[in-house]
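Trainee: Can you keep this structure in mind? I'll have questions shortly.
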Amino acid sequence: MDFLIDHRDNTSTVVRILEPEQLNQLDLAIITRKPPTFTACYEQFELKSLGISFDAFYRYARRLRTSLRAKALAQRDIPAPDESEAVAAQLVSQRMVEALLTQQVGARTLHRLADAYRMTAQIELQRRRLDIAEETVIRRIGATTDHQPLLPAAQSNPPTAEPADDEQNGPNP
135 MDFLIDHRDN
145 TSTVVRILEP
155 EQLNQLDLAI
165 ITRKPPTFTA
175 CYEQFELKSL
185 GISFDAFYRY
195 ARRLRTSLRA
205 KALAQRDIPA
215 PDESEAVAAQ
225 LVSQRMVEAL
235 LTQQVGARTL
245 HRLADAYRMT
255 AQIELQRRRL
265 DIAEETVIRR
275 IGATTDHQPL
285 LPAAQSNPPT
295 AEPADDEQNG
305 PNP
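Going by this note's numbering, the sequence shown opens with residue 135, and the numbers climb by one from there.
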């Protein structure tokens, strides 16, 4: 696998004991989270019977996920200033989903991630509102420069030289 950070350290018990095909299957299971927990993955691949401790497996799996996360961040383009709020919200939401998928996440961690997501999403929504308001103003200004008034013009009727019927006859008794 082509990772930014090589997670297959030669000193790892997992790398030394497993065959390359088994290691690839284990990597795929860890990455896709099938099974969803490290404990279930450890049991499914029967790593204890192969002489691999849970601690060694856990360090290997964490290193794999960390290297994937680093690679994903490195592959992202540097966003334009207008897009930075959206990217920040995506990163926080991705981290929150990862935290939810682990069994050992605390309520305090989830609360902080949810609060960070709320703040980043709120900033992105404010940016969108400003963009829409700006487009509306531009459309209105554009309409007036094309000689199309924003408000209907008052009809101008020039005064007539002859007085109206009521003025000729005088007041009604």
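The beta carbon of each residue, even a glycine, is placed where N, CA and C say it ideally should be. Because the structure is a prediction, the values reported are computed rather than measured.
(1) Pair every Cβ in the region 249-256 with every Cβ in the region 219-239, then say whether three or more of these pairs are closer than 8 Å.
(2) Got a sec? Which residues, its chain only, sit under 8 Å from Leu235 by beta carbon, not counting five neighbours each side?
(3) Whose C-beta lies closer than 7 Å to the C-beta of Phe188 among residues of the same chain, with five residues either side of it excluded?
(4) Can you list, in chain order, the residues of its chain whose CB lies under 8 Å from that of Ala195, leaving out five sequence neighbours each side?
(5) Do Thr145 and Ile186 come within 8 Å of each other at the CB atom, strictly closer than that value?
(6) If you measure between the beta carbons of Ala220 and Glu258, is that distance less than 8 Å?
(7) Apart from the five residues just before and just after Ile151, which ones in its own chain have a Cβ nearer than 7 Å to its Cβ?
Mentor: Taking the definition as stated:
(1) Output reads yes: the region 219-239 touches the region 249-256.
(2) Cβ-Cβ distances below 8 Å link Leu235 to Arg167 and Pro170 in the same chain, with the five nearest sequence neighbours on each side left out; the list follows chain order.
(3) Result list for Phe188: Tyr176, in chain order.
(4) Within the same chain, Ala195 has close Cβ partners Ile164, Phe172 and Cys175.
(5) Against a cut-off of 8 Å, the Cβ pair of Thr145 and Ile186 comes out as no contact.
(6) Here Ala220 is near Glu258, since their CB atoms are less than 8 Å apart.
(7) Result list for Ile151: Leu184, Gly185 and Ile186, in chain order.
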